[in-house]
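Q: First, the structure itself, so that you have it in front of you.
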Amino acid sequence: MAKHKTLDDLFKTDINGKRVLVRADLNVPTDDKGHVTDTTRLARIADTLTELAGRGAKVIVLSHFGRPKGGPDPKYTLAPVADALAKVVGKPVAFAGDCIGEPARKAVDALPAGGILVLENTRFHAGEEKNDPALAQALAENGDAYVNDAFSAAHRAHASTEGVAHLLPAYAGRAMEAELDALETALGNPERPVVAVVGGAKVSTKIALLSNLIKRVDTLIVGGGMANTFLAAQGKKIGKSLCEYDLLDKAREIAAAAKAAGCELVLPVDVVVASEFKAGAAAQTVSVDAVPEDKMILDVGADTMAYLAGRFETAKTVVWNGPLGAFEVPPFDQGTAAAARLVGMLTKMGALKSVAGGGDTVAALNDAGAAEDFTYVSAAGGAFLEWMEGAVLPGVAALEA
Ligand code: AMP
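The numbers in our numbering rise by one with no breaks, and the one at position 75 of the sequence shown is 1116.
Encoded structure:
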């Protein structure tokens, strides 16, 4: 993986009084009155902002927020988010009503060294999502350097994530650096054996992911609804289970490619089935060769879990995306929870490194009480998945030294 310049490189020069544009992800959840309901994303960028401010930089924060239609929309103003950010960083945060032009320039001029300023939603300009060079240029006019701390937006080549990075000296912020380090640990240059867990509802959304992982990992565990498609592709009868029957050939192709690459593809050997997808539904565990016609597979069984445990116990690296079962509906959360807790415990013991992310994975690990024990849990849904698929993320590539 190419090396990125970080804040440590930026700090080799004197940045006192210098204008540093920081692309952050301020796209936080809010209630119907616009109040921020979860400050996790703000806490993740606090280190970058306070380190820069502590060295006397004028810290100018850029971000998108929601999906305005390429023009100003009060529903998507960042003003309340700037207030929430002030609480998180414990110092005043100024706000400007536009991310370019007079309002931005005036606010930057008025900002003292060591001050923090949030500029209005970059998506209030249609040029943002088009990566318009004129918008990138207008953004760059307010900065002497650019720091990207928004890995979660790095899969998009937008003016504030990619265009502007080519116009100023560009660096990875602390949160970006942590994310890139974790991804490098998981798949870039991992300690082997590497075990990947891929679960979730459908194969169709994860073909690129599976195709990339079989080339990179030693063992690929497929669970969740998507395992049903692989089981059906082997000719197993899976009753009323969720299955993409149009993808049986694709599943066979992926299984053959795994074999050719020397990657062990692990499918459930026993499963928890029920007649209905409902909390507390009567469940039983059966072999994958004996799924009743009128039942659906909703979780992995105990024999499967025992096999997975053996794989985790000898692994040095585990990378995880997606639940092994219908984890939102007990008792079908048990396979995911038990596997997550075991990986968490092995991580805590120092036996392996574990990196998880994407979609429902964070919720599933939180439900299991295991997220804190993982080496790294990425909050960047789409960007994490694209990275695991082996895609080049434009916002990361633009930072390469
Ligand atoms: P994804 O967004 O593709 O990661 O899929 C996550 C969803 O897959 C969750 O809502 C789970 O409830 C669902 N899921 C996992 N296993 C099964 C299964 N065996 N049958 C139906 N849905 C499942």
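Cβ coordinates follow ideal geometry from the N, Cα and C atoms, glycine included. For clarity, every value in this text was computed on a predicted model and none was experimentally measured.
#1: Are there any heavy atoms of the ligand AMP lying less than 7 Å away from the beta-carbon of I1262, as far as the coordinates show?
#2: Quick one: does the C-beta of A1367 sit closer than 7 Å to a heavy atom of the ligand AMP?
#3: Confirm the yes/no value for this check: CB of P1210, any heavy atom of the ligand AMP, distance under 7 Å.
#4: Provide the residue span of the alpha helix (DSSP H) that contains L1224, from first to last.
#5: In the DSSP assignment, find the unbroken beta strand (DSSP E) run with N1362 in it and report its ends.
#6: Is M1390 helix, strand or coil by DSSP?
#7: Could you check whether the Cβ of L1406 sits closer than 7 Å to any heavy atom belonging to the ligand AMP?
#8: Taking only the alpha-carbon atoms, compute the straight-line gap between D1287 and M1346 and give it to the nearest angstrom.
#9: Count the other CB atoms, across all protein chains shown, that sit within 10 Å of the CB of E1413; report buried if there are 16 or more and exposed otherwise.
#10: How would you write the range of the beta strand (DSSP E) that K1099 sits in, first residue to last?
#11: What's the C-alpha gap between L1387 and V1238?
#12: What first and last residue would you give for the beta strand (DSSP E) that runs through Y1417?
#13: Buried or exposed for H1076, please, with buried defined as at least 16 other CB atoms from any protein chain shown within 10 angstroms of its CB.
#14: Using 8 Å as the Cβ pair cut-off and three pairs as the minimum, do the region 1328-1346 and the region 1287-1298 touch?
#15: For the 8 Å Cβ check, are there 3 or more pairs between the region 1163-1170 and the region 1417-1428?
#16: What does a CB cutoff of less than 8 Å around T1416 pick up in its chain, not counting 5 residues either side in sequence?
#17: May I ask whether a heavy atom of the ligand AMP can be found less than 7 Å away from the beta carbon of D1447?
#18: So for F1373, helix, strand or coil by DSSP?
#19: Name the two residues that bound the continuous alpha helix (DSSP H) containing V1149.
#20: Under 8 Å Cβ to Cβ from K1147, same chain only, skipping five residues before and after it: list those, please.
#21: Taking the alpha-carbon of A1120 as reference, which of K1099, L1067 and P1109 has the nearest alpha-carbon?
#22: Whose CA, out of G1112, E1203, A1123 and A1194, lies closest to the CA of R1164?
#23: Give me the Cβ distance between V1258 and L1062, rounded to the nearest whole Å; I'm assuming they're in contact under 8 Å.
#24: CB A1260 to CB V1236, shorter than 8 Å?
#25: Mapping the DSSP letters down to three states, classify D1414 as helix, strand or coil.
#26: Closest to K1044 by C-alpha separation, out of A1211, A1322 and P1144, would be which residue?
#27: The ligand AMP heavy atoms versus the CB of G1398: any closer than 7 Å?
#28: Have a look at C1284, G1241, I1279 and A1273 and flag the residue whose alpha-carbon is nearest the alpha-carbon of V1263.
#29: Compute the Euclidean distance between the alpha carbons of A1324 and N1362, then round it to the nearest angstrom.
#30: How far does the beta strand (DSSP E) with N1189 in it extend, from its first residue to its last?
#31: Reducing DSSP to helix, strand and coil, say where F1052 ends up.
#32: Per the DSSP calculation, M1337 is bridged to which residue(s)?
A: The answer reads as follows:
#1: No, the Cβ of I1262 stays beyond 7 Å of every heavy atom of the ligand AMP.
#2: In this structure, the C-beta of A1367 approaches the ligand AMP to less than 7 Å from one of its heavy atoms.
#3: False, no ligand heavy atom lies under 7 Å from that Cβ.
#4: Per DSSP, L1224 belongs to the alpha helix (DSSP H) from R1215 to L1224.
#5: Looking at the DSSP string, the run of the beta strand (DSSP E) that includes N1362 is T1358 to N1362.
#6: Under the three-state reduction of DSSP output, M1390 falls in the coil class, being neither helix nor strand.
#7: Flag unset: Cβ of L1406 not near the ligand AMP.
#8: D1287 and M1346: Cα-Cα distance of roughly 28 Å.
#9: Answer is exposed; the Cβ neighbour count stays below 16.
#10: Element bounds for K1099: K1099 to L1103.
#11: Taking C-alpha positions only, L1387 is separated from V1238 by approximately 15 Å.
#12: Start and end: Y1417 to S1419.
#13: A residue is called buried once 16 or more other Cβ atoms fall within 10 Å of its Cβ, and H1076, having fewer, is exposed.
#14: Touching, no.
#15: Fewer than three beta-carbon pairs drawn from the region 1163-1170 and the region 1417-1428 are found closer than 8 Å, and the two stretches are therefore not classed as touching.
#16: Within the same chain, T1416 has close Cβ partners A1223, T1226, T1388, K1394, S1395 and V1396.
#17: Absent from the structure is residue 1447, since the part of the chain shown begins at 1042 and ends at 1442.
#18: In the three-state reduction of the DSSP assignment, F1373 falls in the coil class.
#19: Counting along the chain, the unbroken alpha helix (DSSP H) around V1149 starts and ends at G1142 to A1151.
#20: Excluding residues within five positions, the ones whose Cβ falls inside 8 Å are A1137.
#21: Sorting K1099, L1067 and P1109 by C-alpha distance to the C-alpha of A1120 places L1067 at the top.
#22: Distance from the Cα of R1164 is smallest, within the candidate group G1112, E1203, A1123 and A1194, for G1112.
#23: About 37 Å; that fails the 8 Å criterion.
#24: Residue identity differs from the one stated: residue 1260 is Thr in this sequence, not Ala. V1236 is positioned such that its CB atom lies closer than 8 Å to that of T1260.
#25: Shown here, D1414 sits in a helix according to DSSP, grouped into three states.
#26: Checked all of A1211, A1322 and P1144; the closest Cα to K1044 is A1211.
#27: No, the ligand AMP has no heavy atom inside 7 Å of this Cβ.
#28: It is G1241 whose Cα lies nearest to the Cα of V1263.
#29: Going from the Cα of A1324 to the Cα of N1362 covers about 25 Å.
#30: First-last of the beta strand (DSSP E) with N1189: A1186 to N1189.
#31: Three-state DSSP puts F1052 in coil, outside helix and strand.
#32: Looking at the DSSP assignment, M1337 forms a beta bridge with A1315.
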